[in-house]
Ligand SMILES: [Zn+2]
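Pasting the structure below:
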């Protein structure tokens, strides 16, 4: 638990720094970018939605920040409570907003007297339960018990859910539940995770199960994907451990840190990782360049009428018709992931509906731009399509 104490110490210093740095200036507030900061970190620090930061500064998620850059910050706060206010925009769901501010959706719902089924109105102002230091506020019940119940971990380079669960001696399931995450959730450096209190059960000893690292030297023909497969390490962990992105180019001879797990075996967890196949069938067209364009998903051949199942639990963020896609369902999952199911003959779910992994959501068809019945399946991470085969178990 020594690591945990050190992390808390760092967190405490971080809060002092934030309190000293934040201040409520009149008019526009600017933040001067420090070395190593990214937009996520800044959005969290000021309690401003990432999207708002991007809009205000004309940036995209891929924009590179240079130290010394001035970033315009705007965070409208409720005059009385000091809580951040967020104006609901077209297409927003409680799930999506909670994700954007990296707070558990439960806290958002509680703070606004909403339920998961509540419909948001465009223009509605929602209270975002973030403290002035950017930490999620504890629920009222917890705060009346006096001492702060919520311990927060700030995600650092190389962290994974598994590693954090070991560091604090909490189990993965509780950690994921407390933060509205799933096994496929992507951690971002600077994200704040609520560390749930262990209830009764003995915490896992952290010393015997610490992640150890080995070094792998990149050889000709290696890809990040092939290396992750060879070592049985999820791609995202490999990327995080090495500060890489999926689009990073490997150099022959480059040394990579590869997590190797001694002690506690995480094999069962790894076997459960990933999405289920929304329908069973042959892939007739994969993700990647196709003709003069780019195919943003995979096409899975199946007879018309076959039930399409949710690849992962989440919230239906769209169910309707889209040009090209025909009848389509989009499900938003935790941590920036969305799945898209297109060309359906019929959709079986409504927007705002919660679905569990494996639930029927549509039936295969050939609506939209399709020549024969098939499912066009996409996975989007922070809005950008990525290869679905990375998420589907084989
Ligand atoms: Zn397709």
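Numbering (UniProt numbering), first residue to last: 1 to 394.
Ideal Cβ placement from N, Cα and C applies to all residues, glycine included.
Threshold first: 4 residues or longer. Then list the alpha helix (DSSP H) segments lying entirely within the UniProt domain "LysM" (29-73), N to C.
39-46 and 50-57
For residue 376: DSSP bridge partner residues:
299 and 342
Minimum C-alpha distance to residue 254 - residue among 235, 92, 221 and 234:
221
Bridge partners for residue 442 per DSSP, in chain order?
Any answer about residue 442 is impossible in this case: the structure gives the chain only from 1 up to 394.
Consult DSSP for residue 304 and reduce its assignment to one of helix, strand or coil.
coil
Less than 8 angstroms between the CB atoms is what I'm expecting for residue 375 and residue 279, so what's the real figure, rounded?
5 angstroms
Tell me the residue span of the beta strand (DSSP E) that contains residue 317.
314-322
Entirely enclosed alpha helix (DSSP H) segments - the UniProt domain "LysM" (151-195), minimum 4 residues
161-168 and 172-178
The beta strand (DSSP E) with residue 363 in it runs from where to where?
360-363
With a CB to CB cut of under 7 angstroms and the five nearest residues on each side skipped, what residues in its chain are close to residue 114?
94
Assign residue 111 to one of two classes, buried (16 or more other C-beta atoms within 10 Å of its C-beta) or exposed (fewer than that).
buried
The alpha helix (DSSP H) that contains residue 105, what's its start and end?
105-111
Quick check: the Cα distance between residue 380 and residue 96, rounded to an integer number of angstroms?
14 angstroms
Assuming residue 183 contacts residue 296 under a Cβ cut-off of 8 angstroms, what Cβ separation, rounded to an integer in Å, is found between them?
In fact, because the Cβ distance is near 24 angstroms, the residues do not count as touching under 8 angstroms.
C-alpha gap between residue 361 and residue 159, whole angstroms:
34 angstroms
Let me check you understand the geometry: is the CB of residue 299 closer than 7 angstroms to at least one non-hydrogen atom of ligand 1?
yes
According to DSSP, residue 347 sits in a beta bridge with which residue or residues?
362
Sheet register partners of residue 216 (DSSP bridge)
256
Is the beta carbon of residue 219 sitting closer than 8 angstroms to the one on residue 195?
no
Compute the minimum distance between the beta carbon of residue 376 and the heavy atoms of ligand 1, and state whether it is under 7 angstroms.
yes
Can you give the Cα-Cα distance for residue 129 and residue 179, rounded to whole angstroms?
14 angstroms
Would you say the beta carbon of residue 226 comes nearer than 7 angstroms to a heavy atom of ligand 1?
no
Find out if the Cβ-Cβ distance for the pair residue 88, residue 124 is shorter than 8 angstroms.
yes
Tell me the rounded alpha-carbon separation between residue 306 and residue 47.
44 angstroms
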